[in-house]
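Below is one structure, written out as structure tokens; comments come after it.
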Amino acid sequence: MAAVNLLPPELRTGLGTRRSLAYPLLFLVVFSAFTGVFLKMNGELGRQAERKLELTTTIAALEPVRVQRENLMRLEAELQRVVSDFERRLTWSVYTDELASRLPAGVQIRDLRLDEQRVVIAASASTLAQVAQLISNFTASPLYREPSVGQITVSQGRVDFQATIDIVRTKGVTGR
Amino acid sequence: MKLTGREKFLLLMLLIVAMCVGFYNYVYVPKKAEIEAGAAQVAKLETEHTKLVRWQAEVPQTEARLLVVQGELDGWVAEARAVTNTPQSLVFWQDQSQRYGIRLSSVRLSGSQATLTFTAPSYAQTRSFLMEMEKMLAFEVSKARYSVPTGTTVDGSFDIKLHIGPADPAAGGVPVDRTNPFVR
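Sequence lines, in order, name chains A and B. Residue 53 in this note's numbering sits at position 57 of the first sequence; the count goes up by one each step and never skips. Basically this note's numbering = 1-based index in the second sequence + 137.
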């Protein structure tokens, strides 16, 4: 059964006091919560400011290290640009040296043309076997590929022929 | 106006909710954004700091590498960059052809292209001349042609892409007292 207080409110003992305190207490709790959050956030900001100051000071002290390192990186980039430029190019002497080293004995070049894709040679040999050896030698070369021999003329113990050999462009093949 | 207890309670709740909303919007959100921005700044500074501390530990190696790189730049790179314009190119070809006994029969310049036609006493001299050009950034040989008509001398030509700039006006001499352009 529900209890019913039939007294007028002013005669109900204790209840007025409790009610009059309830609302301010509630406000106080809410306000305290706000203040707590606010102070916590401000504390975090303060810690961040301290750390920033500390780091900024240390970083400023290490400025010469940065300058030195950035100077090295700049110079290395400059050097790398030059090296890359040379690596991009065909180093002709390396290819002609390879060509000379792959020529079989008895084969003599009369005319040599090089461009960035292939080498065209007009040469003389003593035997067809030497021409065959030349094809094998250039097939085995890392700097050349697909040697193709055009017309071969054989007359009085001399074999004249023309050959076209594609160049293999390999990064880092330089004469330096 | 007299408010009942329930109305007072509801009014109070409304006031508290309004305060919460106000606090969230005008205090919490800006502070939170400030903290996040600060944390990002601190993280950036920490990264920078870590990097610099690592670099500091590597200072001896950096100094050694600097010496090496600077040495290369002052050495072969400086030599490779010695030719930067057409007058210097002409002087280079003249000097090197004389050095290796090569007779230049023609030098044709067209924009950023050049064609040298020559006769060399031997293939070895031609090879040396070519290697001197290969060391220079200014000269990129795009075609070469050699023929050996007599068995020893080499007739040939080089097509060269030129990587050069305009001539240096400071290298120009002072005008001389001459009015006839048809005498040496």
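Just so you know, even glycine gets a beta-carbon here, dropped at the ideal spot from N, CA and C. Note that the structure is a prediction, hence the values are computed from the model and not measured.
In this structure, how does DSSP classify lysine 272 of chain B when only helix, strand and coil are distinguished? The residue you call residue 272 of chain B lines up with position 135 of the second sequence. Reduced to three states, the DSSP call for lysine 272 of chain B is coil.
Could you have a look at leucine 99 of chain A and say whether DSSP puts it in helix, strand or coil? In the first sequence, counting from the first residue as 1, residue 99 of chain A sits at position 103. Residue state, collapsed to three classes: coil.
Under 9 Å between beta-carbons, which chain A residues line up against lysine 168 of chain B? List them in chain order, please. In the second sequence, residue 168 of chain B corresponds to position 31, counting from 1. By Cβ distance, chain A contributes Val33, Phe34, Met37, Asn38, Glu40, Leu41.
Among residues of its own chain, excluding the 5 on either side of glycine 302 of chain B, which ones have a beta-carbon nearer than 8 Å to its beta-carbon? Taking the second sequence and counting its residues from 1, the one referred to as residue 302 of chain B is at position 165. Contacts found: Thr221, Asn222.
Which word fits tyrosine 161 of chain B, buried or exposed, when buried means at least 16 other C-beta atoms lie within 10 angstroms of its C-beta? As a first step, residue 161 of chain B must be located in the second sequence, where it is residue number 24. The residue in question, tyrosine 161 of chain B, is exposed, as its Cβ has fewer than 16 Cβ neighbours within 10 Å.
Output, in chain order, the set of chain B residues within a Cβ distance shorter than 8 Å of threonine 52 of chain A. As a first step, residue 52 of chain A is located in the first sequence; it is residue number 56 there, counting from the start. The answer, in chain order, is Leu182.
Tell me which same chain residues have a C-beta within less than 6 Å of the C-beta of glycine 171 of chain A, skipping the five on either side of it? Within the first sequence, the letter at position 175 stands for residue 171 of chain A. Only weak support exists for where glycine 171 of chain A lies, its pLDDT of 46 falling under 50; the coordinates are left without a value.
Can you name, in chain order, every residue of its own chain whose Cβ lies under 8 Å from the Cβ of leucine 140 of chain B, other than the five neighbours on each side? In the second sequence, counting from the first residue as 1, residue 140 of chain B sits at position 3. Excluding sequence neighbours, leucine 140 of chain B sits near Leu148.
Under a CB-based cut-off of 7 Å, is serine 89 of chain A close to chain B? Taking the first sequence and counting its residues from 1, the one referred to as residue 89 of chain A is at position 93. Serine 89 of chain A counts as touching chain B.
Close Cβ partners of alanine 217 of chain B (< 8 Å) along its chain, the five nearest in sequence each way excluded: On the second sequence, position 80 is the one that residue 217 of chain B refers to. Once the five neighbours on either side are set aside, the close Cβ partners of alanine 217 of chain B are Lys272, Met273, Leu274.
Exposure label - tyrosine 163 of chain B; buried when at least 16 CB within 10 Å: Residue mapping note: residue 163 of chain B aligns to position 26 of the second sequence, counting from 1. Result: exposed.
Here's a check: name, in chain order, each residue in its chain whose Cβ is nearer than 6 Å to the Cβ of aspartate 162 of chain A, leaving out the five neighbours to either side. As a position in the first sequence, residue 162 of chain A is number 166, starting the count at 1. Correct list, in chain order: Arg114, Arg141, Glu142.
Which residue spans inside the segment 85 to 171 of chain A form an unbroken alpha helix (DSSP H) run of at least 4? 88 to 98, 124 to 136
Label alanine 170 of chain B either buried or exposed according to how many other C-beta atoms from any shown protein chain fall within 10 Å of its C-beta, with 16 as the threshold for buried. If you number the second sequence from 1, residue 170 of chain B lands on position 33. Answer is exposed; the Cβ neighbour count stays below 16.
Under 7 Å, Cβ to Cβ, is there at least one residue of chain B near phenylalanine 134 of chain A? Indexing the first sequence from 1 puts residue 134 of chain A at position 138. So no, phenylalanine 134 of chain A is outside the interface.
Examine the Cβ distances between the segment 226 to 239 of chain B and the segment 253 to 269 of chain B and report whether three or more of them are shorter than 8 Å. yes
Rank A:Gln64, A:Val116, A:Gln152 by C-alpha distance to the C-alpha of alanine 194 of chain B and give the top, closest one. In the second sequence, residue 194 of chain B corresponds to position 57, counting from 1. Alanine 194 of chain B has its Cα closest to that of A:Gln64, out of A:Gln64, A:Val116, A:Gln152.
Rounded straight-line distance, which links the Cα of serine 97 of chain A to that of alanine 304 of chain B: Locating residue 304 of chain B in the second sequence gives position 167, counting from the first residue. Locating residue 97 of chain A in the first sequence gives position 101, counting from the first residue. Approximately 41 Å between the Cα atoms of the pair.
Measuring only between beta-carbons, confirm whether glutamine 126 of chain A sits less than 7 Å from chain B. Taking the first residue of the first sequence as position 1, residue 126 of chain A is located at position 130. No, glutamine 126 of chain A lies away from the interface with chain B (no Cβ there is under 7 Å from its Cβ).
Between the segment 248 to 263 of chain B and the segment 67 to 83 of chain A, do three or more beta carbon pairs fall short of 8 Å? no
If we cut at 7 Å on Cβ distances, does isoleucine 131 of chain A have a partner in chain B? Counting from one through the first sequence, the residue named residue 131 of chain A turns up at place 135. No, isoleucine 131 of chain A does not count as interfacial toward chain B.
Check whether the Cβ of arginine 143 of chain B lies closer than 7 Å to any Cβ atom in chain A. On the second sequence, residue 143 of chain B is found 6 positions in, with the first residue counted as 1. Cβ-Cβ to chain A under 7 Å: no for arginine 143 of chain B.
Would the segment 144 to 159 of chain B count as touching the segment 152 to 160 of chain A if we require 3 or more Cβ pairs under 8 Å? no
Cβ neighbour criterion (16 or more within 10 Å) applied to phenylalanine 319 of chain B: In the second sequence, residue 319 of chain B corresponds to position 182, counting from 1. Its Cβ having fewer than 16 others within 10 Å, phenylalanine 319 of chain B is exposed.
So tyrosine 140 of chain A contacts chain B; which residues on that side make the cut at Cβ distance below 7 Å? Position 144 of the first sequence holds residue 140 of chain A. Chain B residues near tyrosine 140 of chain A: none, gap ~15 Å exceeds 7 Å.
Mapping the DSSP letters down to three states, classify tyrosine 237 of chain B as helix, strand or coil. Here residue 237 of chain B refers to the residue found at position 100 of the second sequence. Tyrosine 237 of chain B falls in the coil class under three-state DSSP.
Which word fits methionine 270 of chain B, buried or exposed, when buried means at least 16 other C-beta atoms lie within 10 angstroms of its C-beta? Your numbering for residue 270 of chain B matches position 133 in the second sequence. Flag for methionine 270 of chain B reads buried.
To the nearest angstrom, how far is it from the Cα of valine 313 of chain B to the Cα of arginine 321 of chain B? Position 176 of the second sequence, counting from 1, holds the residue named residue 313 of chain B. Position 184 of the second sequence, counting from 1, holds the residue named residue 321 of chain B. Going from the Cα of valine 313 of chain B to the Cα of arginine 321 of chain B covers about 12 Å.
So with CB distances below 9 Å, who are the chain B contacts of phenylalanine 157 of chain A? Residue numbering aside, residue 157 of chain A sits at position 161 when the first sequence is read from its first letter. None at all; the shortest Cβ gap to chain B is about 16 Å.
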